[in-house]
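**Student:** I'd like to ask you about the structure that follows.
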Amino acid sequence: MVIGIAGCPGAGKSTLAGWLATALTAAGLPAVWVPMDGFHLADVALDRLGRLSRKGAIDTFDGHGYLALLRRVRAETGTTVYAPSFDRDIEQPIAGAIAVPPDARVVVSEGNYLLAAQDPWRQVRAAMTEVWYADLDDRVRLDRLTRRHVRFGKSPEQAVRWVAEVDEPNAAAIRATRACADLHVDIDALALAP
468 MVIGIAGCPG AGKSTLAGWL ATALTAAGLP AVWVPMDGFH LADVALDRLG
518 RLSRKGAIDT FDGHGYLALL RRVRAETGTT VYAPSFDRDI EQPIAGAIAV
568 PPDARVVVSE GNYLLAAQDP WRQVRAAMTE VWYADLDDRV RLDRLTRRHV
618 RFGKSPEQAV RWVAEVDEPN AAAIRATRAC ADLHVDIDAL ALAP
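The numbering used here applies: residue 468 is where the sequence shown begins, and numbers increase by one.
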C-alpha cells in the first residue's frame with residue numbers, strides 16, 4: 468500500500484508523513500516514509516536547465532524517476548528497494564538513503580504535486596493507493612515556511628522574497644488540485660509539532 472500526502476509548501480506534509488509511518492509501525496504495520504523531495508533535481512542540473520531560481524516548481528523534480536520508484540516499491544516485494552532522501556542542510560537529494568525493506572506493508576510518501584493532472588504526475592497518482600491533502604491555515608503555513616527558509620540559510624528578506632516569488636505560485640497550482648484528494652487532513656487539528 469502506498470499512501471501519498473499532498474499539500475502546499477509548509478503545510479506539514481513531512482511532519483504528517485513521518486508521524487503516520489511511525490504510528491503504523493508501532494501498531495504492527497511496518498511502514499516507511501519516502502519523501503518526493505528526494506527527487507529534486509540536483510542544483511547542478513537545475514542551473515544547467517535555467518531552473519535553479521524556481522527550485523520547488525513542478526519541473527524541478529524528476530517525476531519519471533519518482534514514478535519508477537513507486538512502481539518498484541509496489542512490484543518488488545521480495546527485495547529491499549532504496550530511495551533517495553533530501554537533505555535540507557545542503558538543499559540536495561541524497562541517493563539511496565532510504566531502505567524500503569520487503570516487510571514494509573505501507574509506504575508513506577509526501578510531495579507537492581501528487582495530485583497534478585499532467586504526466587507523469589497523473590501516473591504517480593495512479594501508483595498510489597490513496598492520496599491525502601494536508602490543509603493548514605495559510606498564515607501559519609507561510610510563517611512556518613519563512614522560518615524554515617531562514618533556518619536553512621536564507622536571510623529573513625531572502626526568505627520572504629522566495630516564499631512570495633517561488634513557493635506561493637507553486638502553492639496556487641497545488642491548491643487547485645485539492646479537490647482530487649481522497650481525504651483532507653486538518654494539520655492544525657492534529658497538533659503535530661513540525
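Heads up, the beta-carbon is just placed ideally off N, CA and C, and yes, glycines get one too. Please read all numbers here as calculations on a predicted model, not as lab measurements.
1) Kindly provide the ranges of any alpha helix (DSSP H) runs that are 4 or more residues long and lie completely inside the region 543-622, ordered along the chain.
2) For arginine 608, count the other beta carbons within 10 Å of its own beta carbon; 16 or more makes it buried, fewer makes it exposed. Which is it?
3) Tell me, please, which residues DSSP counts as bridged to aspartate 526.
4) Between which two residues does the beta strand (DSSP E) containing valine 652 stretch?
5) Mind checking which residues open and close the alpha helix (DSSP H) that includes glycine 485?
6) Could you check if histidine 651 is buried or exposed, using at least 16 other CB atoms within 10 Å of its CB as the buried criterion?
7) I think histidine 507 touches threonine 527, with their Cβ atoms under 8 angstroms apart; what is that distance to the nearest whole Å?
8) Once the 5 residues before and after alanine 473 are set aside, which same chain residues still bring their CB inside 6 angstroms of it?
9) List the whole-angstrom C-beta distance separating serine 576 from methionine 503, where the pair is believed to meet the contact cut-off of C-beta under 8 angstroms.
10) Return the CA-CA distance between histidine 616 and valine 511, expressed in angstroms with no decimal places.
11) Which residues in the same chain as alanine 478 place their Cβ atom closer than 8 angstroms to its Cβ, once the five residues preceding and following it in sequence are excluded?
**Tutor:** Taking the structure as given:
1) 588-593 and 605-618
2) Within the sequence shown, numbered from 1, the residue matching residue 608 stands at position 141. Classification for arginine 608: buried.
3) As a first step, residue 526 is located in the sequence shown; it is residue number 59 there, counting from the start. Aspartate 526 is not bridged to any residue.
4) In the sequence shown, the residue the question calls residue 652 occupies position 185. Its beta strand (DSSP E) spans residues 650-653.
5) Against the sequence shown, residue 485 aligns to sequence position 18. It spans 480-493 - the alpha helix (DSSP H) in which glycine 485 sits, taken as one unbroken run.
6) Taking the sequence shown and counting its residues from 1, one reaches residue 651 at position 184. Flag for histidine 651 reads exposed.
7) Taking the first residue of the sequence shown as position 1, residue 507 is located at position 40. Taking the first residue of the sequence shown as position 1, residue 527 is located at position 60. Correct: roughly 7 angstroms between the Cβ atoms.
8) Against the sequence shown, residue 473 aligns to sequence position 6. Beyond the five residues adjoining it in sequence on each side, alanine 473 comes within less than 6 angstroms, by CB distance, of Leu581, Leu582, Val598 and Tyr600 in the same chain, given in chain order.
9) Here residue 576 refers to the residue found at position 109 when the sequence shown is read from its first residue. Here residue 503 refers to the residue found at position 36 when the sequence shown is read from its first residue. So it is a contact: roughly 6 angstroms between Cβ atoms.
10) Translated into the one-based positions of the sequence shown, residue 616 becomes position 149. Translated into the one-based positions of the sequence shown, residue 511 becomes position 44. So the two alpha carbons sit approximately 20 angstroms from each other.
11) Here the question's residue 478 lines up with position 11 in the sequence shown. Once the five neighbours on either side are set aside, the close Cβ partners of alanine 478 are Ala601, Asp602, Leu603, Arg608 and Ile654.
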